Amino acid sequence: MEASQPVNDDEYSLETPTTTSASKDQVEPEIISQPQSTIEPEFIPREIEFLNRHRRKIRLYDPKGVYEFRHIQQTWFQSLLQVVTMLISLACIFGLYYWGYQSSKEIIVGVGEVSNLIWVNVFEVVMTVGIIFIAIKKLGKQAKQHPQKRYRVAMIANAFNRMLFNNLRLMLIVFIPLTIVAMIVEPTLESINFERFEEGATADLLGAVYTLFIVFICFRAFRFCGKELTA
């Protein structure tokens, strides 16, 4: 009868995972990622040309551009041109309001001269003057904290020019559809009468909406006057 062989408990001991000093000293190689491709060189000259073109641009009704390129020194010619256009815009804006005030007057027998202006028209004038006054005041405060030559003139001129430009656009947007409707109702040009749009509840509603648009235009034109002039 064969004698049973003793079983070695350490038969599989060499296969057990152990940590040696040699394995501790081994350093895993770093995985270096390949550099990603950057902007292609052919696009850089176009971007430079675009920026240079906008840096040299004469801004007459672009207050946003004046603020974005506020670090660019305005030339004397640009400042003179901006002042001249600002005076023209002020004269046109004042003339429009004066014409509206004069056209609202009528003479009633036994009463005299009366005006058909309503509270909406007064609200428009008060809000417009208030927005302009506050904007100019904020601009003066910013100009004192961060002095920049001729920036104040450029911003005010562009704001007034933008206000006039958008007001003229609004007048065209309103006048052209009214003319088309009047021509459809009364095909002959001699008989077109706009008085139907000046009286009644519909006229009051349209006047209020038009006033809100004018106030919004003024606010949009002068909104960059109070922005921070940081470096």
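With positions in the sequence shown counted from 1, the corresponding number in the numbering used here is that position plus 129. Backbone N, C-alpha and C define an ideal beta-carbon position, used for all residues, glycine too. Keep in mind it's a predicted model, so treat the numbers as computed, not measured.
Exercise. Going straight from the alpha carbon of Ile263 to that of Gln207, what length do you get?
Worked result: Going by the C-alpha atoms only, they are around 25 angstroms apart.
Problem set entry | Complete runs of the alpha helix (DSSP H) confined to the segment 198-256 [at least 4 residues] | 205-232
Exercise. When the Cα of Val282 is compared with those of Ile173, Leu189 and Thr340, which residue comes out closest?
Worked result: Leu189
Exercise. The alpha helix (DSSP H) with Glu176 in it runs from where to where?
Worked result: Ile173 to Arg184
For this session: For Ile222, I'd like the list of residues in its chain whose CB is within less than 8 angstroms of its CB, leaving aside the five on either flank, ordered along the chain.
Result: Phe289, Met292, Leu293 and Asn296
Problem set entry | Cβ-based burial, Pro170 [other Cβ within 10 Å; buried from 16] | With a pLDDT of 46 at Pro170, under the threshold of 50, the modelled position of that residue is not reliable, and the figure given next carries that caveat. Classification for Pro170: exposed.
Exercise. Beta-carbon separation of Glu235 and Asn245 under 8 angstroms?
Worked result: yes
For this session: Please state whether DSSP places Ile187 in a helix, a strand or coil.
Result: coil
For this session: Return helix, strand or coil for Gly355, following the three-state DSSP convention.
Result: Shown here, Gly355 sits in coil according to DSSP, grouped into three states, outside any helix or strand.
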